[in-house]
Amino acid sequence: MNGWEEFLNKEELTEDEKKIVCNSLMTTEARMERLILKHFSTEDFREIWERRIGDGLIGGKACGLLVARKLIKVRLPEFRDFIESHHSFFIGSDVFCQYLEQNGCTELREKHRKEKEHFKEADELRKQLKNGVFSEKVSQELKRILKHYGTTPIIVRSSSFLEDGYGNAFSGKYESIFCMNQGSEEERIQELEEAIRQVYASTMNPSAIEYRRKRKLLDADEQMALLVQKVEGEHCDDFYFPVAAGMGCSYNPYKWMEHMNPDEGMLRIVVGLGTRAVERTPGDYPRLVGLDRARANLRGTIAEQHKFSQRQVDVLDFSENKLTTKPLESVIQKMPEWQKKLVLSRDTEAEYMLSQRRRFRKVYFADCQGLVEKNDFIWMMRKMLKMLEAEYERPVDVEFAVKCPREGMWKVNLLQCRPLQASVSENVVIPGGIDDELLFDVRRTSMRRSKRESLDKIVWVDPQAYYEYPYAKKTDVGRMISQINQHYEEEDKRLMLLVPGRIGTSSPELGVPVVYADISQFIAICEVAYSKAGYRPELSYGSHMFQDLVEADVYYGAINENSKTRLYQPELLKRFPDVFLKLWPKEEELSEIIKVFDVESSGTCLYLDAKEGRAVCRLGKR
Numbered sequence: 027m028n029g030w031e032e033f034l035n036k037e038e039l040t041e042d043e044k045k046i047v048c049n050s051l052m053t054t055e056a057r058m059e060r061l062i063l064k065h066f067s068t069e070d071f072r073e074i075w076e077r078r079i080g081d082g083l084i085g086g087k088a089c090g091l092l093v094a095r096k097l098i099k100v101r102l103p104e105f106r107d108f109i110e111s112h113h114s115f116f117i118g119s120d121v122f123c124q125y126l127e128q129n130g131c132t133e134l135r136e137k138h139r140k141e142k143e144h145f146k147e148a149d150e151l152r153k154q155l156k157n158g159v160f161s162e163k164v165s166q167e168l169k170r171i172l173k174h175y176g177t178t179p180i181i182v183r184s185s186s187f188l189e190d191g192y193g194n195a196f197s198g199k200y201e202s203i204f205c206m207n208q209g210s211e212e213e214r215i216q217e218l219e220e221a222i223r224q225v226y227a228s229t230m231n232p233s234a235i236e237y238r239r240k241r242k243l244l245d246a247d248e249q250m251a252l253l254v255q256k257v258e259g260e261h262c263d264d265f266y267f268p269v270a271a272g273m274g275c276s277y278n279p280y281k282w283m284e285h286m287n288p289d290e291g292m293l294r295i296v297v298g299l300g301t302r303a304v305e306r307t308p309g310d311y312p313r314l315v316g317l318d319r320a321r322a323n324l325r326g327t328i329a330e331q332h333k334f335s336q337r338q339v340d341v342l343d344f345s346e347n348k349l350t351t352k353p354l355e356s357v358i359q360k361m362p363e364w365q366k367k368l369v370l371s372r373d374t375e376a377e378y379m380l381s382q383r384r385r386f387r388k389v390y391f392a393d394c395q396g397l398v399e400k401n402d403f404i405w406m407m408r409k410m411l412k413m414l415e416a417e418y419e420r421p422v423d424v425e426f427a428v429k430c431p432r433e434g435m436w437k438v439n440l441l442q443c444r445p446l447q448a449s450v451s452e453n454v455v456i457p458g459g460i461d462d463e464l465l466f467d468v469r470r471t472s473m474r475r476s477k478r479e480s481l482d483k484i485v486w487v488d489p490q491a492y493y494e495y496p497y498a499k500k501t502d503v504g505r506m507i508s509q510i511n512q513h514y515e516e517e518d519k520r521l522m523l524l525v526p527g528r529i530g531t532s533s534p535e536l537g538v539p540v541v542y543a544d545i546s547q548f549i550a551i552c553e554v555a556y557s558k559a560g561y562r563p564e565l566s567y568g569s570h571m572f573q574d575l576v577e578a579d580v581y582y583g584a585i586n587e588n589s590k591t592r593l594y595q596p597e598l599l600k601r602f603p604d605v606f607l608k609l610w611p612k613e614e615e616l617s618e619i620i621k622v623f624d625v626e627s628s629g630t631c632l633y634l635d636a637k638e639g640r641a642v643c644r645l646g647k648r
């Protein structure tokens, strides 16, 4: 037993002893340490220690979750009956260090730290991490986790030292792996160990490496602890899922209605597992809720609400023994009536039209309206987010799941909490009377703060040319944007990207497929509507990519074909030279789709006025 662990046998710790225990068990980060020492009791530390596997710190994600839960217990005791009990286990960071050493990864990892972006063996290190073995001692301790959970599904989540803290969020950079946790003990332990390997290997994911590189963290000792949680949910025949899940943010940078107050926060909710709430999902639309006007719907008619709703549900399927995506219709059939009331609405207009053709049936769509109309749920989420924001002294976001085991009863399981990175607004005055110089003038799109930024290059994807480009080749556009990103990264240029439809989608027919690493150098990204080809922006607030852009202080907005867009004049870009072919002379085919306009030294600027919810790009003089 380590010296500090002996403290936990005492009835009450001194302040100095608490600090030693906190720094040895939880974190050494000063601001998180302050919150922990202020609120955690000796018994709190003892419970964490008893649920830790191996030695070392429990990591940033685990700390964020525990601090948030403790703050709710202390500051909002009136909501105690609506918060699900804590069931997590923690795999300490020393298990990761021992795994590296035992499987011959230490030397390669140290080489990565020294060579940084010049490190060439990332794939080899990732492969070694995915194929390692665990010591007998660790395997035995992992069985303790399985004994506790029985055959309830669990999820293994990253909880690295730098994750979910005040400096870096690492949103979606590392893997989270679901374990069905079925079968014999041997099968279950093999599944758990494989999940741990996959999370360890994800430290070498391209997006994770790019994130660390952008924040000058490649030489940081990024040790990986793990958070093991029960998957919140209930059995519905062969399916297992929560009735609803999502993310919440104490500040809402996406002001989609005129009188919405961004300071009141927002929720993004889906039916089923929350994976669909934090990833961009083609053809699916989670329910967005402004917490100051929760019942106000972005879509005016029932037909629009149905059209822009959730079509697919993520569930654990015991018949297939894996995480899978199912059509909403097949999930509805297995849900009890009281859960349907929480998350489904009926399209009475569609039902009427069907009845005219002698077809009589109920037409459901998922909008979580029943949950939104629960004033106690909305009030709790609003109070909880604002309290956490006050304690963290900056905006926060959370992930949660909702269970509803019987009619009239619901509970929220808080799964994650992290502080968002704060930026100070500048005083911005947008000049008037210059319409002939404006590339765009839009309102009520996403932003976090007011600022004025100069631009060096504007990358524009021609929507008609992209639409006509063969489907099989559309991913080449994303590949080329990645090359442009990398080229100008080395020159440290300030870029803006204009793309048709959605950015980051996995479906090329809806927009340009890229990941964060492909666009990390851009300081502004706009999704552009083009109705002739069916391209429609859909700002995906709450997704991991959106969180990356928010954290990097990137402007992410939409240029729509409606009243939100006062002006959009892409033809004005032709005033400036297109340098695409000069830089990539062999890419003649793509040069018809992608334009790189050189606006450097022209005075071209992006103006953002958060108070007015307005974004303007003023083109300079050649």
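Residue numbers for the sequence shown follow my numbering, so the first one is 27 and each next one is one higher. By construction, the Cβ of each residue, glycine as well, lies at the ideal position given by its N, Cα and C atoms.
Checklist entry - Between the Cα of Val3 and the Cα atoms of Pro489, Glu597, Asp518, which residue gives the shortest distance? => result The requested residue 3 does not occur in the structure, where the chain is confined to residues 27 to 648.
Item to check | Length at least 3, wholly inside the stretch 496-553: the beta strand (DSSP E) runs in chain order | outcome: Unbroken beta strand (DSSP E) stretches of 3 residues or longer found wholly inside the stretch 496-553: 521-526, given in chain order.
Item to check | Beta-carbon contacts of Asp482 that lie in its chain and below 6 angstroms, excluding the five residues immediately before and after | outcome: Cβ contact annotation for Asp482 (same chain, cutoff 6 angstroms, sequence separation greater than five): Lys519, Arg520, Glu626, in chain order.
Next on the checklist: When you compare the CB positions of Val297 and Ala320, do they come within less than 7 angstroms of one another, or not?
Outcome noted: Cβ distance not < 7 angstroms, so Val297 and Ala320 don't count as in contact.
Checklist entry - Where Lys352 and Glu346 are concerned, what is the direct C-alpha to C-alpha distance, given to the nearest angstrom? => result Going from the Cα of Lys352 to the Cα of Glu346 covers about 12 angstroms.
Next on the checklist: Taking 6 angstroms as the limit between beta carbons, can you name the residues of its chain near Ser480, skipping five residues before and five after?
Outcome noted: Cβ within range, chain order: Cys631.
Item to check | Under the three-state DSSP convention, the category Asn439 falls into | outcome: For Asn439, the three-state secondary structure derived from DSSP is strand.
Checklist entry - Can you tell me whether Pro356 is buried or exposed, with buried defined as 16 or more other CB within 10 angstroms of its CB? => result In the sequence as presented, Pro is not what sits at residue 356; that position holds Ser. Classification of Ser356: exposed, given that the 10 Å Cβ count is below 16.
Checklist entry - Taking all protein chains shown into account, do 16 or more other C-beta atoms lie within 10 angstroms of the C-beta of Gly300, making it buried, or fewer, making it exposed? => result That one is buried.
Item to check | Close-in-space but distant-in-sequence residues of the same chain around Glu127 (CB under 7 angstroms, 5 per side omitted) | outcome: None.
Checklist entry - Looking at C-alpha atoms only, which residue of Phe548, Gln595, Gly560 is the closest neighbour of Tyr581? => result When Phe548, Gln595, Gly560 are compared, the shortest CA-CA separation from Tyr581 is found for Phe548.
Next on the checklist: Quick check: is any heavy atom of the ligand SAM less than 6 angstroms from the C-beta of Arg528?
Outcome noted: Because no ligand of any kind appears in the structure shown, any question about the ligand SAM cannot be addressed here.
Checklist entry - Just the Cα atoms here: how many angstroms apart are Thr40 and Arg432? => result In this model, Thr40 and Arg432 are separated by some 45 angstroms (Cα to Cα).
Item to check | Distance between beta carbons of Tyr556 and Pro526, contact taken as under 8 angstroms | outcome: About 5 angstroms separates the beta carbon of Pro526 from that of Tyr556, a gap short enough to meet the 8 angstroms contact definition.
Item to check | Pick from Arg385, Ser186, Phe391 that is closest to Glu330, judged by C-alpha positions | outcome: Among Arg385, Ser186, Phe391, the Cα nearest to that of Glu330 belongs to Phe391.
Checklist entry - Straight-line CA distance for Val164 to Leu218? => result Rounded to whole angstroms, the gap between the alpha carbons of Val164 and Leu218 is 12 angstroms.
Checklist entry - CB-CB under 8 angstroms to Glu37, same chain, minus the five flanking residues each way: which ones, in chain order? => result Listed in chain order, the non-local C-beta contacts of Glu37 below 8 angstroms within the same chain comprise Thr68, local neighbours out to five positions each way being set aside.
Next on the checklist: On the DSSP letters alone, give me the boundaries of the alpha helix (DSSP H) that Ser356 sits inside.
Outcome noted: Membership of Ser356 in the alpha helix (DSSP H) is indicated by the continuous run 354-358.
Checklist entry - What's the call for Val455, buried or exposed, on a 16-neighbour Cβ count within 10 Å? => result The residue in question, Val455, is exposed, as its Cβ has fewer than 16 Cβ neighbours within 10 Å.
Checklist entry - Can you list, in chain order, the residues of its chain whose CB lies under 7 angstroms from that of Arg95, leaving out five sequence neighbours each side? => result Result list for Arg95: His112, Leu440, in chain order.
Item to check | Among Arg475, Tyr493, Leu523, nearest to Ala584 - alpha-carbon criterion | outcome: Here the closest residue by C-alpha is Leu523.
Item to check | Helix, strand or coil at Gln249 according to DSSP, with G and I counted as helix | outcome: The three-state secondary structure of Gln249, taken from DSSP, is coil.
Next on the checklist: Between the alpha carbons of Glu31 and Glu452, how many angstroms are there, rounded?
Outcome noted: Approximately 48 angstroms, taken between the alpha carbons.
Item to check | Length-filtered (4 minimum) alpha helix (DSSP H) runs lying within the stretch 173-229 | outcome: Whole alpha helix (DSSP H) segments, 4+ residues: 211-227.
Item to check | In DSSP terms, what Lys477 is bridged to | outcome: Looking at the DSSP output, Lys477 bridges to Leu634.
Checklist entry - Hey, quick one: how far does the alpha helix (DSSP H) through Tyr418 stretch, first residue to last? => result Bounds of the alpha helix (DSSP H) holding Tyr418 are 401-418.
Checklist entry - Which of the three DSSP states, helix, strand or coil, is assigned to His113? => result Note: His113 maps to coil in three-state DSSP.
Checklist entry - Helix, strand or coil: how does DSSP classify Gln336 here? => result Shown here, Gln336 sits in a strand according to DSSP, grouped into three states.
Next on the checklist: Mapping the DSSP letters down to three states, classify Glu626 as helix, strand or coil.
Outcome noted: Coil at Glu626, not helix or strand.
Next on the checklist: Can you list, in chain order, the residues of its chain with a C-beta nearer than 7 angstroms to that of Lys73? Leave out the 5 residues immediately preceding and following it.
Outcome noted: It should be pointed out that residue 73 corresponds to Glu in this sequence rather than to Lys. For Glu73, there are no CB contacts under 7 angstroms within the same chain when 5 residues up- and downstream are skipped.
Checklist entry - What are the boundary residues of the beta strand (DSSP E) that Lys429 is part of? => result Per DSSP, Lys429 belongs to the beta strand (DSSP E) from 422-432.
Checklist entry - Should the stretch 100-109 be regarded as contacting the stretch 401-410, the criterion being three or more beta carbon pairs within less than 8 angstroms? => result Yes: at least three Cβ pairs fall under 8 angstroms.
Checklist entry - Rounded C-beta distance between Arg337 and Pro312? I'm assuming under 8 angstroms. => result Their Cβ separation, rounded to whole angstroms, is 11 angstroms, which puts Arg337 and Pro312 out of contact at 8 angstroms.
Next on the checklist: Here's a check: name, in chain order, each residue in its chain whose Cβ is nearer than 8 angstroms to the Cβ of Ser228, leaving out the five neighbours to either side.
Outcome noted: So the qualifying residues of the chain are Ser184, Lys199, Tyr200, Glu201, Ala234.
Next on the checklist: Taking the straight line between their C-alpha atoms, what separation do you get for Tyr175 and Ile117?
Outcome noted: If I take the Cα positions, the gap works out to 15 angstroms.
Item to check | Contact between the stretch 494-511 and the stretch 604-617 (3+ Cβ pairs under 8 angstroms) | outcome: Verdict: yes, contact present.
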